[in-house]
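K.L.:
So the sequence shown is numbered by the numbering used here: it starts at 2 and just counts up by one.
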Amino acid sequence: MKAALQCHRQTSAAAFVMLAVLSGCSTPPDKIILLPDPEGKVGAVIVHSATGEQTINKAYAGVDVAKGGAIEKTMDSQSSVQARYGELLAARPPRPMTFTIFFLFDSATELAPESLATVKQLKTVLATWPAPKLVVVGHTDLAGAQDFDDNLSRRRAQTVAAFLIKQGIPAQQIETAARGKREPLVHTADGVPNHMNRRVVITIQ
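Right, here's the structure in full:
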């Protein structure tokens, strides 16, 4: 059996993508490689074993953990990782994506013209996303009363959820929420309308 092996994020602010290849009892050491996110950013990981620990914080840096717990640092390249683990990388679920759809003033059904392109992009992504789960959160600007805005943001979220269901997403895979005017994208004084705050945020994961 392998020695106990633990991995911990060192920072929550940095990107964190890790490839862990865990071997069996009679095969080569367990290998952990830190991958960059799509923007090229990396975080940091502390790898603990029965005999020590190592921190990896560079893209494609890694460690091999032997049966007895000895940790050896390694350094790979993008091409070598892709060559060796391409099939494993391809099997990873897609990274979550967020889309924002804006609405016209005081409306739960009429989209702002600039959102039409976003809807088109959203449809394209959903067509190829395996078993998507979606979180749909409605928002308003600060022009109305609290109760009115809570109801308006809920109806906006429901409008988007209905659209997603028409695109073939099962209703049980869609979670909706309404935040009213509590989380403005652009902070304004109460009672001030702002088109950037009249929105629904869709997260696909």
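Note that the Cβ used here is the ideal one computed from N, Cα and C, for glycine as well.
At the level of alpha carbons, what is the spacing between Ala16 and Glu40?
P.N.:
Because Ala16 sits at a pLDDT of 46, beneath the cut-off of 50, its placement in the model cannot be relied upon, and the point is left open.
K.L.:
Can you tell which of Asp148, Ala84, Ala179 and Leu186 has its C-alpha closest to the C-alpha of Val161?
P.N.:
Among Asp148, Ala84, Ala179 and Leu186, the Cα nearest to that of Val161 is on Ala179.
K.L.:
Does the count of Cβ pairs from the segment 78-98 and the segment 165-177 closer than 8 Å reach three?
P.N.:
Taking 8 Å as the limit for Cβ pairs, the verdict is that the segment 165-177 does not touch the segment 78-98.
K.L.:
I need the straight-line Cα distance from Gln159 to Leu153, nearest angstrom please.
P.N.:
Cα to Cα, the separation comes out at about 10 Å.
K.L.:
So, under 8 Å CB-CB, Gly63 and Ile57 are touching, yes? Tell me the CB distance rounded to an integer number of Å.
P.N.:
Right, their Cβ atoms sit about 6 Å apart.
K.L.:
Going by DSSP in three states, Leu35 sits in which element: helix, strand or coil?
P.N.:
Reduced to three states, the DSSP call for Leu35 is strand.
K.L.:
Quick one: measure Cβ to Cβ for Val138 and Val201, integer angstroms, because I've assumed they're closer than 8 Å.
P.N.:
With a Cβ gap of about 7 Å, Val138 and Val201 count as contacting.
K.L.:
Report the residue from Tyr61, Glu54, Ser50 and Asp148 whose alpha carbon sits nearest the alpha carbon of Lys42.
P.N.:
Checking every option, the nearest Cα to that of Lys42 belongs to Tyr61.
K.L.:
Given this structure, state the Cα-to-Cα distance separating Val193 from Gln168, to the nearest angstrom.
P.N.:
Spanning the two alpha carbons is a distance of roughly 35 Å.
K.L.:
Can you say whether Lys121 is buried or exposed, counting buried as having 16 or more other CB atoms within 10 angstroms of its CB?
P.N.:
Lys121 should be labelled exposed.
K.L.:
Counting only the same chain and skipping the five closest in sequence on each side, list residues whose C-beta sits under 8 Å from that of Ile170.
P.N.:
Excluding positions up to five away in sequence, the list reads Leu127, Pro133 and Leu135.
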